[in-house]
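Enquirer: Here it is, the structure, as structure tokens.
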Amino acid sequence: MADKEDLTRFGVAFPTPLIEQFDQYIEEQGYKNRSEAFRDLVRKTLLQPSALQSDQDVAGTIVMVYDHHISDLPIRLMELQHEAHHDIISNMHVHLNHDQCLEVIAVRGNLGRLRHLHQQIQVQKGVLYAELSVTYVDELNKLAHAQSSGQDHNPDQSPDHNHSAGQHGHSHHHRSAD
Numbered sequence: 010m011a012d013k014e015d016l017t018r019f020g021v022a023f024p025t026p027l028i029e030q031f032d033q034y035i036e037e038q039g040y041k042n043r044s045e046a047f048r049d050l051v052r053k054t055l056l057q058p059s060a061l062q063s064d065q066d067v068a069g070t071i072v073m074v075y076d077h078h079i080s081d082l083p084i085r086l087m088e089l090q091h092e093a094h095h096d097i098i099s100n101m102h103v104h105l106n107h108d109q110c111l112e113v114i115a116v117r118g119n120l121g122r123l124r125h126l127h128q129q130i131q132v133q134k135g136v137l138y139a140e141l142s143v144t145y146v147d148e149l150n151k152l153a154h155a156q157s158s159g160q161d162h163n164p165d166q167s168p169d170h171n172h173s174a175g176q177h178g179h180s181h182h183h184r185s186a187d
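As structure tokens, then:
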């Protein structure tokens with residue numbers, strides 16, 4: 010960022026045991042001060058899928074652990090991914106042990122569609138764990154949405170660098186040894 014951000018100072022009251030735990034966390038994570046750690050925690054909280062609108066474009070991952078011996082489960086999971094191929098950038102498949110596999114699916118698209126894909130995965134018999142994690146919100150799309158709905162925006166915020174899906178081709182790397 011070229012310009013220094015405007016900072017707003019405010020006071021926060023913590024119970025002593027909680028601030029002691031927070032200070033321990035800060036030290037373990039290597040933060041220089043409480044403010045840096047608090048800002049990162051707020052950013053992470055604001056990226057929780059439940060805190061975002063379904064119509065927002067986002068990027069992130071769907072992580073799952075499943076028992077590949079469950080009848081037709083690997084085939085069904087592959088079918089679900091093929092149905093959502095427009096939103097899947099890549100995936101990685103890891104054999105955890107004789108029975109269980111870990112799969113990480115890199116996704117980018119409409120949050121509502123990604124939530125739906127996550128829900129379809131997590132309800133499959135044999136899926137032991139499934140989580141959707143958002144790590145990026147497409148602010149350019151959010152700005153365009155605000156403009157089209159008549160909300161105020163800052164006209165000086167013109168992006169210098171745009172990575173919209175239409176500008177860059179992405180290959181899909183699917184690795185599986187099952």
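Residue numbers (the working numbering): 10 to 187. Ideal placement from N, C-alpha and C gives every residue a C-beta, glycine not left out.
#1: Can you tell me which of the three DSSP states S44 falls into?
#2: Do G39 and V116 have their C-beta atoms within less than 8 Å of each other?
#3: Along the chain, which unbroken stretches of the alpha helix (DSSP H) at least 4 residues long are found entirely within the segment 91 to 137?
#4: What residue range does the alpha helix (DSSP H) around T189 cover?
#5: For V136, which residues from the same chain have a beta carbon less than 7 Å from its beta carbon, with the 5 sequence-adjacent residues on both sides left out?
#6: In this structure, how does DSSP classify S59 when only helix, strand and coil are distinguished?
#7: Might you give, ordered along the chain, the residues of its own chain that have their beta carbon closer than 7 Å to the beta carbon of H95, omitting 5 neighbours on each side?
#8: Distance, Cα to Cα, D147 vs R85?
#9: What three-state label does DSSP hand P164 in the structure shown?
#10: Check each candidate in P26, L89, E37 and M101 and name the one with the smallest Cα separation from H125.
#11: Taking buried to mean at least 16 other C-beta atoms within 10 Å of its own C-beta, is I28 buried or exposed?
#12: What's the call for D66, buried or exposed, on a 16-neighbour Cβ count within 10 Å?
#13: Residues in the same chain with beta-carbon distance under 8 Å from R122, minus the five sequence neighbours each way, listed in chain order, please.
#14: Roughly how many whole angstroms lie between the Cα atoms of S185 and Y145?
#15: Looking at the structure shown, is T25 part of a helix, part of a strand, or coil, going by DSSP?
Expert: Here's the rundown:
#1: Here DSSP, grouped into helix, strand and coil, assigns S44 to helix.
#2: The Cβ atoms of G39 and V116 lie no closer than 8 Å to each other.
#3: 120 to 131
#4: Past the edges of the chain, shown from 10 to 187, lies residue 189, and the structure says nothing about it.
#5: Cβ neighbours of V136 within its own chain (closer than 7 Å, five residues either side excluded): M73, Y75 and I130.
#6: helix
#7: G118
#8: D147 and R85: Cα-Cα distance of roughly 30 Å.
#9: Summary for P164: the model assigns pLDDT 39, below 50, so the residue's position carries little reliability, and this model does not support an answer.
#10: The shortest C-alpha separation from H125 is found at L89.
#11: exposed
#12: buried
#13: A93 and D96
#14: The pLDDT assigned to S185 is 43, lower than 50, so where the model puts this residue is not dependable, and the model offers no usable value.
#15: helix
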